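*Asks:* Structure in structure tokens, see below.
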Amino acid sequence: MAHHHHGNHPTDRQAGHHHHDPTDIDWSEMAPHLEAQAELFTPLYEHALAWLAKRQTEPGLIVDAGSGPGVVACLLADTFPGARVVAVDASEPLLERARAHAERLGVADRFSILAGELPGVLDDLEYPADLVWAGRSLHHLGDQRAALAAFAARLTHGGTLALQEGGLSARFLPRDLGFGRPGLQARIDVLEEERFAAMRADLPGSVAETEDWPALLTAAGLRPSGTRTFLLDLPAPTTDRARAYIADYLTRTRDGLADRLDADDRATLDRLLDPDDKASVHHRPDVFLLAAQTVYTAVRTK
Ligand SMILES: C[S@@+](CC[C@H](N)C(=O)[O-])C[C@H]1O[C@@H](n2cnc3c(N)ncnc32)[C@H](O)[C@@H]1O
591 MAHHHHGNHP TDRQAGHHHH DPTDIDWSEM APHLEAQAEL FTPLYEHALA WLAKRQTEPG
651 LIVDAGSGPG VVACLLADTF PGARVVAVDA SEPLLERARA HAERLGVADR FSILAGELPG
711 VLDDLEYPAD LVWAGRSLHH LGDQRAALAA FAARLTHGGT LALQEGGLSA RFLPRDLGFG
771 RPGLQARIDV LEEERFAAMR ADLPGSVAET EDWPALLTAA GLRPSGTRTF LLDLPAPTTD
831 RARAYIADYL TRTRDGLADR LDADDRATLD RLLDPDDKAS VHHRPDVFLL AAQTVYTAVR
891 TK
């Protein structure tokens, strides 16, 4: 099952795709993209984790549920120097990256990995967690309500579940690019919404759910304790790293959605991705990165 998970979100919807199934993600193929993304978004995560740290006592055990390549799991280890961190994911290649990352950052002595399908794999944890972080992973699980209940059941009394879901689609180009029809990103977003819906409908045991996260956290027996949205704001002229990420994102868009974009938008994407074109994202001065991601917290009180 490790290869049968699915893409999502403003930034990770651009999933790797198998030609037999446009919504199927090969997570290990996604590794470089997920890692580059998390590294680029590090300032956003640092703000989110500082906000989390202010509002809770030092955790002993942290579980990163759906850690992927572990960039955020390592930031959790940095933010909470007294804690052990367990990175949990169905993709072993991603967990190997997480382990290597922890070694590079010198936190390997209090970092471990656990491979398996969420939420069931959490039964293999030896101890309850003081903090469970689920960063854009819940929406890859068929039954989100049941998964939240399982996450909640793994918390200590007084422990916190932090859910990163939603926010806003990232923006990185002006509405009018100087060529093509204005509003390209808005049209891409519409297609991504459709792909996201197909991805969710296709998950094993998929259950439709109103995405009212505080209500779902309450239904899981937790007490919602806060919601906050964090910005990543890299204004133009942006960094080379942001440009590379945007080029990668648009390449995935062109590969994954091309047949659903009209000819004009396809031609626009080709120009935006042509390294020899001064108006491409590789060179144009007006490229920026503006993203917003929301974190919901809830506490186990009983
Ligand atoms: C969008 S990525 C997010 C990774 C990381 N939390 C981050 O914010 O960068 C979703 C992650 O969930 C994992 N995942 C998806 N479905 C899963 C499942 N059923 N069990 C365990 N992990 C799963 C994927 O392997 C992937 O690493």
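So this note's numbering is basically just the index in the sequence shown, starting at one, shifted up by 590. Just so you know, even glycine gets a beta-carbon here, dropped at the ideal spot from N, CA and C. All of these numbers come straight from a predicted model, not from anything done at the bench.
(1) Do Thr800 and Thr884 have their beta-carbon atoms positioned less than 8 Å apart in this structure?
(2) Let's test the definition: count the other Cβ atoms within 10 Å of the Cβ of Phe769 and tell me whether it reaches 16, buried, or not, exposed.
(3) Give a yes or no on whether the C-beta atoms belonging to Arg744 and Val653 are separated by under 8 Å.
(4) Can you confirm whether Glu755, when its beta carbon is compared against all beta carbons of chain D, has any partner nearer than 8 Å?
(5) Can you give the Cα-Cα distance for Leu807 and Gly725, rounded to whole angstroms?
(6) Measure how close the beta-carbons of Val780 and Ile836 come, nearest whole angstrom, since I'm counting them as under 8 Å.
(7) Going by CA-CA distance only, name the one from Gly706, Pro649, Leu763 and Asp766 that's closest to Ala677.
(8) Which residue marks the beginning of the alpha helix (DSSP H) containing Trp641, and which one marks its end?
(9) First and last residue of the alpha helix (DSSP H) that includes Trp803?
(10) Under 8 Å by Cβ, that's how I've got Ala898 and Phe701 pegged, so tell me the actual separation to the nearest angstrom.
(11) According to DSSP, is Glu871 helix, strand or coil?
(12) Heavy atom of ligand 3 less than 7 Å from the Cβ of Val662, yes or no?
(13) Among Ala805, Asp616 and Leu767, which residue has its Cα nearest to the Cα of Lys868?
(14) Work out the CA separation of Trp723 and Ala737 for me, nearest whole Å.
(15) Give the secondary structure of Thr843 by DSSP, where H, G and I count as helix, E and B as strand, and everything else as coil.
(16) Compare the beta carbon distance of Met841 and Leu824 with 8 Å and say whether it is the shorter of the two.
(17) Is the beta carbon of Ala688 less than 8 Å from the beta carbon of Ser657?
(18) Taking all protein chains shown into account, decide if His729 is buried (16 or more other Cβ within 10 angstroms of its Cβ) or exposed.
(19) Going by the C-beta, is Glu629 closer than 7 Å to any heavy atom of ligand 1?
(20) Would the region 667-675 count as touching the region 628-648 if we require 3 or more Cβ pairs under 8 Å?
(21) Please report the straight-line C-alpha distance between Leu704 and Ala752, rounded to a whole angstrom.
(22) Considering just the uninterrupted stretch of the alpha helix (DSSP H) at Pro683, what are its terminal residues?
(23) Looking only at its chain, what residues have a beta carbon closer than 7 Å to the beta carbon of Leu812, apart from the 5 residues adjacent to it on each side?
(24) Could you check the C-alpha separation between Tyr717 and Gln754 for me, to the nearest Å?
(25) Please look up how many angstroms separate the CB atoms of Arg777 and Asp855, rounded, as I've assumed it's under 8 Å.
(26) For Leu912, which residues of its own chain have a beta-carbon under 6 Å away from its beta-carbon, when the five flanking residues on both sides are left out?
(27) Let me check understanding here. Comparing Cα to Cα, which of Leu763, Lys892, Thr819 and Ser815 lies closest to Thr828?
(28) Would you identify the three-state DSSP class for Ser710, choosing helix, strand or coil?
(29) Please list, in chain order, all residues of the same chain as Ala740 whose beta carbon is under 7 Å from its beta carbon, the five residues on each side excluded.
(30) Rounding to the nearest angstrom, what Cα-Cα distance links Leu758 and Arg674 in this structure?
(31) I want to check one thing, is the minimum distance from the CB of Ser681 to the heavy atoms of ligand 1 below 7 Å?
(32) Going by the C-beta, is Pro702 closer than 7 Å to any heavy atom of ligand 1?
*Replies:* Inspection of the coordinates gives the following:
(1) To locate residue 884, count along the sequence shown from 1; it is residue 294. To locate residue 800, count along the sequence shown from 1; it is residue 210. No. Outside cutoff.
(2) By 1-based counting over the sequence shown, the position of residue 769 is 179. Exposed, by the Cβ-count rule.
(3) Stepping through the sequence shown from its first residue, residue 744 is reached at position 154. Stepping through the sequence shown from its first residue, residue 653 is reached at position 63. Yes.
(4) Among the protein chains of the structure shown there is no chain D, as only one such chain exists.
(5) For the purposes of this step, residue 807 is taken as the residue at position 217 of the sequence shown. For the purposes of this step, residue 725 is taken as the residue at position 135 of the sequence shown. Approximately 15 Å, taken between the alpha carbons.
(6) The residue you call residue 780 lines up with position 190 of the sequence shown. The residue you call residue 836 lines up with position 246 of the sequence shown. The pair is not a contact, with the Cβ atoms about 19 Å apart (cut-off 8 Å).
(7) On the sequence shown, residue 677 is found 87 positions in, with the first residue counted as 1. Cα-wise, what sits closest to Ala677 is Gly706.
(8) Here residue 641 refers to the residue found at position 51 when the sequence shown is read from its first residue. Counting along the chain, the alpha helix (DSSP H) containing Trp641 begins and ends at Thr632 to Lys644.
(9) On the sequence shown, position 213 is the one that residue 803 refers to. Looking at the DSSP string, the run of the alpha helix (DSSP H) that includes Trp803 is Trp803 to Ala809.
(10) Nothing can be reported for residue 898, as the shown portion of the chain is limited to 591 through 892.
(11) To locate residue 871, count along the sequence shown from 1; it is residue 281. According to the sequence displayed, residue 871 carries Val and not Glu. Reduced to three states, the DSSP call for Val871 is coil.
(12) Only ligand 1 can be found as ligands here, which leaves ligand 3 out of the picture.
(13) For the purposes of this step, residue 868 is taken as residue 278 along the sequence shown, with counting starting at 1. The candidate whose alpha carbon is nearest that of Lys868 is Leu767.
(14) For this step, residue 737 is matched to residue 147 along the sequence shown. For this step, residue 723 is matched to residue 133 along the sequence shown. Each residue's alpha carbon lies about 13 Å from the other.
(15) Here residue 843 corresponds to residue number 253 of the sequence shown, with the count starting at 1. Looking at Thr843 - three-state DSSP - the assignment turns out to be helix.
(16) Looking up residue 841 in the sequence shown gives position 251. Looking up residue 824 in the sequence shown gives position 234. Before going further, note that residue 841 is Thr rather than Met in the sequence given. Their beta carbons are not under 8 Å apart, which means Thr841 does not touch Leu824 by this criterion.
(17) The sequence position of residue 688 within the sequence shown is 98, counting from 1. The sequence position of residue 657 within the sequence shown is 67, counting from 1. Cβ atoms of Ala688 and Ser657: closer than 8 Å.
(18) As a working mapping, residue 729 is identified with position 139 in the sequence shown. The residue in question, His729, is buried, as its Cβ has 16 or more Cβ neighbours within 10 Å.
(19) Translated into positions along the sequence shown, residue 629 becomes position 39. Glu629 Cβ: outside cutoff for every heavy atom of ligand 1.
(20) yes
(21) Residue numbering aside, residue 704 sits at position 114 when the sequence shown is read from its first letter. Residue numbering aside, residue 752 sits at position 162 when the sequence shown is read from its first letter. Leu704 and Ala752: Cα-Cα distance of roughly 19 Å.
(22) On the sequence shown, position 93 is the one that residue 683 refers to. It spans Glu682 to Arg694 - the alpha helix (DSSP H) in which Pro683 sits, taken as one unbroken run.
(23) As a working mapping, residue 812 is identified with position 222 in the sequence shown. The residues are Ala742, Leu751, Ala888, Val889 and Arg890.
(24) Position 127 of the sequence shown holds residue 717. Position 164 of the sequence shown holds residue 754. Looking at the two C-alpha atoms, the distance is approximately 23 Å.
(25) Position 187 of the sequence shown, counted from the start, is the residue given in the question as residue 777. Position 265 of the sequence shown, counted from the start, is the residue given in the question as residue 855. That belief holds up - the Cβ atoms of Arg777 and Asp855 are roughly 6 Å apart, short of 8 Å.
(26) Coverage of the chain is limited to positions 591 through 892, which leaves residue 912 absent and any answer about it impossible.
(27) For the purposes of this step, residue 828 is taken as residue 238 along the sequence shown, with counting starting at 1. Closest in alpha carbon position to Thr828, among Leu763, Lys892, Thr819 and Ser815, is Leu763.
(28) Against the sequence shown, residue 710 aligns to sequence position 120. The amino acid occupying residue 710 in the given sequence is Gly; Ser does not appear at that position. If DSSP states are grouped into helix, strand and coil, Gly710 belongs with the helices.
(29) On the sequence shown, position 150 is the one that residue 740 refers to. Around Ala740: Pro709 and Leu712.
(30) Position 168 of the sequence shown, counting from 1, holds the residue named residue 758. Position 84 of the sequence shown, counting from 1, holds the residue named residue 674. Computed Cα separation, rounded: 31 Å.
(31) Here residue 681 refers to the residue found at position 91 of the sequence shown. Yes, since a heavy atom of ligand 1 falls inside the 7 Å radius drawn around the Cβ of Ser681.
(32) Numbered from its first residue, the sequence shown carries residue 702 at position 112. Just to set this straight, residue 702 is Ser in the shown sequence, not Pro. Result no, Cβ not under 7 Å from ligand 1.
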